[in-house]
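Asks: Before I ask anything, let me first share the structure, which is written out below as C-alpha cells.
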Amino acid sequence: MKKIFFMIFIGLFCLGAITAWAGTAHKMIDKDYGTLYGDKAIIQLVKIVQESLIKDSSGKTPFPKTESFYGSAPIYLYTAFKKSGHYKGELVDFPNYLRTLVPAYDFDRSRVYSLSRFIVKGDGKKIVDFGFKRPINRNGGKEIAFADPKTGALVITANCMNVILDGEKVLETESKEPVMSSQKGWLCGCDRKEIPLEGPLVLRSNYENETIVLTQQRQKKILLLWLEDVDGKKVYIPLSEIIFTDVNKEGKSEVNYLVPLFDPNNCSIYHIKWWDRVGGSLRGKLHKAEDVLLDSGIIKVSVKEYPDINSLLIPWKVHYSKLFDKKEVVKVKSLMTSFQNNILTGDLGSRIFVHDRLIEITSFEGLKSWRAVARGGVFTVKDIPSGEYLVQIFHFPKDSNKGTLKPQVEFEEIISF
Numbered sequence: 000m001k002k003i004f005f006m007i008f009i010g011l012f013c014l015g016a017i018t019a020w021a022g023t024a025h026k027m028i029d030k031d032y033g034t035l036y037g038d039k040a041i042i043q044l045v046k047i048v049q050e051s052l053i054k055d056s057s058g059k060t061p062f063p064k065t066e067s068f069y070g071s072a073p074i075y076l077y078t079a080f081k082k083s084g085h086y087k088g089e090l091v092d093f094p095n096y097l098r099t100l101v102p103a104y105d106f107d108r109s110r111v112y113s114l115s116r117f118i119v120k121g122d123g124k125k126i127v128d129f130g131f132k133r134p135i136n137r138n139g140g141k142e143i144a145f146a147d148p149k150t151g152a153l154v155i156t157a158n159c160m161n162v163i164l165d166g167e168k169v170l171e172t173e174s175k176e177p178v179m180s181s182q183k184g185w186l187c188g189c190d191r192k193e194i195p196l197e198g199p200l201v202l203r204s205n206y207e208n209e210t211i212v213l214t215q216q217r218q219k220k221i222l223l224l225w226l227e228d229v230d231g232k233k234v235y236i237p238l239s240e241i242i243f244t245d246v247n248k249e250g251k252s253e254v255n256y257l258v259p260l261f262d263p264n265n266c267s268i269y270h271i272k273w274w275d276r277v278g279g280s281l282r283g284k285l286h287k288a289e290d291v292l293l294d295s296g297i298i299k300v301s302v303k304e305y306p307d308i309n310s311l312l313i314p315w316k317v318h319y320s321k322l323f324d325k326k327e328v329v330k331v332k333s334l335m336t337s338f339q340n341n342i343l344t345g346d347l348g349s350r351i352f353v354h355d356r357l358i359e360i361t362s363f364e365g366l367k368s369w370r371a372v373a374r375g376g377v378f379t380v381k382d383i384p385s386g387e388y389l390v391q392i393f394h395f396p397k398d399s400n401k402g403t404l405k406p407q408v409e410f411e412e413i414i415s416f
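The opening position of the sequence shown corresponds to residue 0 in numbering that gives the first Met the number 0, with each subsequent residue numbered one higher.
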C-alpha cells in the first residue's frame, strides 16, 4: 500500500440532403425499448452504452445487432444529446448522465415533437439528424419518455430512443443553493486562497470506467488522477492524502512505477502501469509473453479521511500473444493540432502506439504549463488560451528492472494558435 501526498504548488492562472438509408431511419436504437423494458428502458440503454465504451472509448463501435441492426453507436446518441443541449459533459461520463434520467408519464401526447434520428445515407455515411417529428404516443398511446431531473424537461423517448430537441418541462425543480463539501482548498490554477469547495468532490482518472490492457513486453500506460468539484473544475486540497494500491490477482503489490509523479500545474498525479512482471523467483526480471504468471489485477485509489469522496477501482490485464512480441514502439515524428473554443486537440501522426505519451505544453509568457496523456496517439487539452507554446512529447524508455523510470523528450515543436 502506498500513501501519497498532494504536495502541489499551483502555478496556473484561472482558467446535405438524404438520398436513401437502410431500414427505418427514424430510430436511434433499432429496438422499441419502451415496449420491451418500459420505465427500465434507460437502464438497458446505459448498459449497452457502457459496455460499448469499455470496448472502444471513442464510441464509434456499433451496438450489437440485437440492439441496433443498422449500425448506431454511442457516439451518435452522445452527439444528439450534445446538439440538443441536454448534456454538456464528455463521452466518458455519458453513461453516468443517462443514469440520472427519470421516467415521465404525464405530458402532452398530442404534441408533435422535434426529434433526433440516426440515418445511414445511400453513400454509407452515418449521421444524426433532427429533421424527424412525431408525437410521443406509441405503445397504444402509452409510450413514456425520460426527463432530466435538474431541468425538469423531457430529453429522450422510451421507444427508439429518439432525443427530444424541444421537450416540455414536466418535472418541478427547485432552485437550490450550491451544495458545499466539507473540504477546504482552492481551484486549480487560481490564486492560492483557501475557500470552501463546492461539492460533492469527485476523484477522477483518464482510465475511469475502463480496463488498462497491456499487450506487449515492456509496455507502459500512463494513469492520471485528479479531483473535481461539482462544476467539473479541478481542485486542490492541501495535504490531502491519497491511498494508492496496485495488486495482482494473488493479492500482491505489483512492480510498477512505485512513486507517482506530481503535476503542480494540473492538480494531478500520474502513475506508470507497466507490463506485468513474472512471479516467484523470477519476479523483477524481463520476461517473454509465455512467462507471465500474474496477468490481471486492480488499482485502488481513495482519499484518506474524506469518505464522501468516491474511490476508484481500475482493473488491468495482460493480453499476451506472440503476435505482439515483435512489434516495435512507434516513434513520434510529427504533430498535428487543431484549436477551437480554448480546446487544443493533437494527433501524433500514427494510429499504432505501444505506449501512452506524456504531453507538456508550456507558454512563453509566464511559463505556465499544461499536461495531458496521448492515448493511441491522440490528446486533448482544455481551458488553454490562444498563444505561442512549446510542446514537448515524453516517452518512458526501456526499464532496467531497478524500479526507476525517467521520462525523456522524444519530440518537441513550437506552435501558435
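Even glycine gets a Cβ: it sits at the ideal position worked out from N, Cα and C.
1) Return helix, strand or coil for Ala21, following the three-state DSSP convention.
2) Can you tell me where the beta strand (DSSP E) with Ser337 in it begins and where it stops?
3) Which residue wins for smallest C-alpha separation from Asp355, given the options Leu222, Glu411 and Ser337?
4) Excluding sequence positions up to five away, which residues of its chain have a Cβ less than 7 Å from the Cβ of Pro102?
5) Where do the N-terminal and C-terminal ends of the alpha helix (DSSP H) with Lys299 fall, by residue?
6) For Asn161, which residues from the same chain have a beta carbon less than 6 Å from its beta carbon, with the 5 sequence-adjacent residues on both sides left out?
7) Run through the DSSP bridge pairs and tell me what Gln391 is partnered with.
8) Kindly indicate which residue of Ile118, Thr78 and Phe106 has the alpha-carbon position closest to the one of Ile135.
9) Let me know if Phe80 comes out buried or exposed under the rule of 16 or more other beta-carbons within 10 Å of its beta-carbon.
10) Which residue's Cα is closest to the Cα of Ile392: Phe117, Lys332 and Ile383?
11) Among residues of its own chain, excluding the 5 on either side of Leu226, which ones have a beta-carbon nearer than 8 Å to its beta-carbon?
12) At what residues does the beta strand (DSSP E) containing Leu223 begin and finish?
13) At what residues does the alpha helix (DSSP H) containing Tyr77 begin and finish?
14) Pick from Asn340, Leu97 and Thr60: whose alpha carbon is nearest that of Ile383?
15) So what's Val178 in DSSP terms, helix, strand or just coil?
16) Rounding to the nearest angstrom, what Cα-Cα distance links Ser337 and Lys82 in this structure?
17) Is the separation between the beta-carbon of Leu334 and that of Gly345 shorter than 8 Å?
18) Tell me whether Pro396 sits in a helix, a strand or coil according to DSSP, three-state version.
19) Quick check on DSSP: helix, strand or coil for Pro94?
20) Does the separation of the CB atoms of Glu66 and Asp31 fall below 8 Å?
21) Measure from the alpha carbon of Val229 to the alpha carbon of each residue in Gly88, Asp147 and Asp128, then state which is nearest.
22) Using the three-state DSSP reduction, which class does Ala40 fall into: helix, strand or coil?
23) In or out: Val300 buried (at least 16 other Cβ within 10 Å) or exposed?
24) Quick one: what's got a C-beta closer than 8 Å to Pro63's C-beta in the same chain, skipping five residues either side?
25) Do Ala152 and Gly166 have their CB atoms nearer than 8 Å?
26) Is Arg370 buried or exposed, if buried means 16 or more other CB atoms sit within 10 Å of its CB?
27) What does the Cβ neighbour count give for His270, buried or exposed, with the cut at 16 atoms within 10 Å?
28) Helix, strand or coil, according to DSSP, for Asn161 in the structure here?
29) I need the boundaries of the beta strand (DSSP E) containing Asn309, first residue and last residue.
30) Please return the same chain residues whose Cβ sits closer than 7 Å to the Cβ of Phe395, not counting the five positions on each side in sequence.
31) Using the rule of at least 16 other Cβ atoms within 10 Å of the residue's Cβ for burial, across every protein chain shown, is His318 buried or exposed?
32) Below 8 Å on the Cβ atoms is my contact criterion, and I expect Thr156 with Thr172 to pass it. Report the Cβ-Cβ distance as a whole number of Å.
33) Roughly how many angstroms lie between the CA atoms of Val377 and Leu343, to the nearest whole one?
34) Could you check the C-alpha separation between Leu389 and Glu359 for me, to the nearest Å?
35) Measuring CA to CA, which of Asp294, Ile42, Tyr36 and Trp315 is closest to Glu207?
36) Expressed to the nearest angstrom, what Euclidean distance is found between the alpha-carbon atoms of Glu176 and Thr379?
Replies: Checking against the coordinates, here is how it stands:
1) Sequence index remark: in the sequence shown, residue 21 carries index 22 (1-based). Because the pLDDT at Ala21 is just 41, under 50, the model does not fix this residue reliably, and the value given afterwards should be weighed accordingly. Looking at Ala21 - three-state DSSP - the assignment turns out to be coil, as it is neither helix nor strand.
2) Position 338 of the sequence shown holds residue 337. Element bounds for Ser337: Met335 to Gln339.
3) The residue given as residue 355 occupies position 356 in the sequence shown. Checking every option, the nearest Cα to that of Asp355 belongs to Leu222.
4) On the sequence shown, residue 102 is found 103 positions in, with the first residue counted as 1. Answer for Pro102: Asp38, Ile143 and Phe145, listed in chain order.
5) Walking along the sequence shown from the start, residue 299 turns up at place 300. No alpha helix (DSSP H) holds Lys299; the beta strand (DSSP E) holding it covers Ser295 to Val302.
6) The residue labelled residue 161 in the question sits at position 162 within the sequence shown. Hits under 6 Å: Met27, Leu114 and Ser115.
7) As a position in the sequence shown, residue 391 is number 392, starting the count at 1. Glu359 and Glu411.
8) Along the sequence shown, read from residue 1 onward, the residue named residue 135 stands at position 136. Minimum Cα distance to Ile135 is reached at Phe106.
9) Position 81 of the sequence shown, counting from 1, holds the residue named residue 80. Buried, since its Cβ has 16 or more Cβ neighbours within 10 Å.
10) Here residue 392 is taken as the residue at index 393 of the sequence shown, counted from 1. It is Lys332.
11) Walking along the sequence shown from the start, residue 226 turns up at place 227. Correct list, in chain order: Leu200, Val201, Leu202, Arg203, Lys233, Val234, Tyr235, Ile236, Ser239, Cys266, Val302 and Ile308.
12) Position 224 of the sequence shown, counted from the first residue, corresponds to residue 223. Start and end: Lys219 to Glu227.
13) The residue labelled residue 77 in the question sits at position 78 within the sequence shown. First-last of the alpha helix (DSSP H) with Tyr77: Pro73 to Ser83.
14) Indexing the sequence shown from 1 puts residue 383 at position 384. Of the candidates Asn340, Leu97 and Thr60, the one whose C-alpha sits nearest the C-alpha of Ile383 is Asn340.
15) Looking up residue 178 in the sequence shown gives position 179. Per-residue confidence for Val178 stands at a pLDDT of 42, beneath the threshold of 50, marking its modelled position as unreliable; the derived number appears in the next sentence. The answer is coil: DSSP assigns Val178 none of H, G, I, E or B.
16) Position 338 of the sequence shown holds residue 337. Position 83 of the sequence shown holds residue 82. Between Ser337 and Lys82, the C-alpha separation is close to 21 Å.
17) For this step, residue 334 is matched to residue 335 along the sequence shown. For this step, residue 345 is matched to residue 346 along the sequence shown. Yes. Within cutoff.
18) Locating residue 396 in the sequence shown gives position 397, counting from the first residue. In the structure shown, Pro396 sits in coil (DSSP, three-state: anything other than H, G, I, E or B).
19) Position 95 of the sequence shown, counted from the first residue, corresponds to residue 94. Three-state result, Pro94: helix.
20) Here residue 66 is taken as the residue at index 67 of the sequence shown, counted from 1. Here residue 31 is taken as the residue at index 32 of the sequence shown, counted from 1. Contact flag unset, no.
21) The count along the sequence shown starts at 1 and reaches residue 229 at position 230. The candidate whose alpha carbon is nearest that of Val229 is Gly88.
22) Taking the sequence shown and counting its residues from 1, the one referred to as residue 40 is at position 41. It is helical.
23) In the sequence shown, counting from the first residue as 1, residue 300 sits at position 301. Answer is buried; the Cβ neighbour count reaches 16.
24) Locating residue 63 in the sequence shown gives position 64, counting from the first residue. Cβ within range, chain order: Ile47.
25) Translated into the one-based positions of the sequence shown, residue 152 becomes position 153. Translated into the one-based positions of the sequence shown, residue 166 becomes position 167. Closer than 8 Å, so yes.
26) For the purposes of this step, residue 370 is taken as residue 371 along the sequence shown, with counting starting at 1. When all chains shown are included, Arg370 counts as buried.
27) Taking the sequence shown and counting its residues from 1, the one referred to as residue 270 is at position 271. With 16 or more other Cβ atoms within 10 Å, it is buried.
28) Numbered from 1 along the sequence shown, position 162 holds the residue referred to as residue 161. In this structure, Asn161 counts as coil in the three-state DSSP scheme.
29) Within the sequence shown, numbered from 1, the residue matching residue 309 stands at position 310. No beta strand (DSSP E) holds Asn309; DSSP gives it neither H nor E.
30) Taking the first residue of the sequence shown as position 1, residue 395 is located at position 396. Answer for Phe395: Lys219, Ile271, His354, Leu404 and Pro406, listed in chain order.
31) In the sequence shown, counting from the first residue as 1, residue 318 sits at position 319. Exposed, by the Cβ-count rule.
32) The residue given as residue 156 occupies position 157 in the sequence shown. The residue given as residue 172 occupies position 173 in the sequence shown. The pair is not a contact, with the Cβ atoms about 21 Å apart (cut-off 8 Å).
33) For the purposes of this step, residue 377 is taken as the residue at position 378 of the sequence shown. For the purposes of this step, residue 343 is taken as the residue at position 344 of the sequence shown. Those two C-alpha atoms are separated by around 11 Å.
34) The residue labelled residue 389 in the question sits at position 390 within the sequence shown. The residue labelled residue 359 in the question sits at position 360 within the sequence shown. Each residue's alpha carbon lies about 8 Å from the other.
35) Locating residue 207 in the sequence shown gives position 208, counting from the first residue. Comparing Cα-Cα distances from Glu207 to each of Asp294, Ile42, Tyr36 and Trp315, the minimum goes to Trp315.
36) Within the sequence shown, numbered from 1, the residue matching residue 176 stands at position 177. Within the sequence shown, numbered from 1, the residue matching residue 379 stands at position 380. Since pLDDT at Glu176 reaches only 47, below the 50 mark, its modelled position is unreliable, and the value read off the structure follows with that caveat. About 33 Å.
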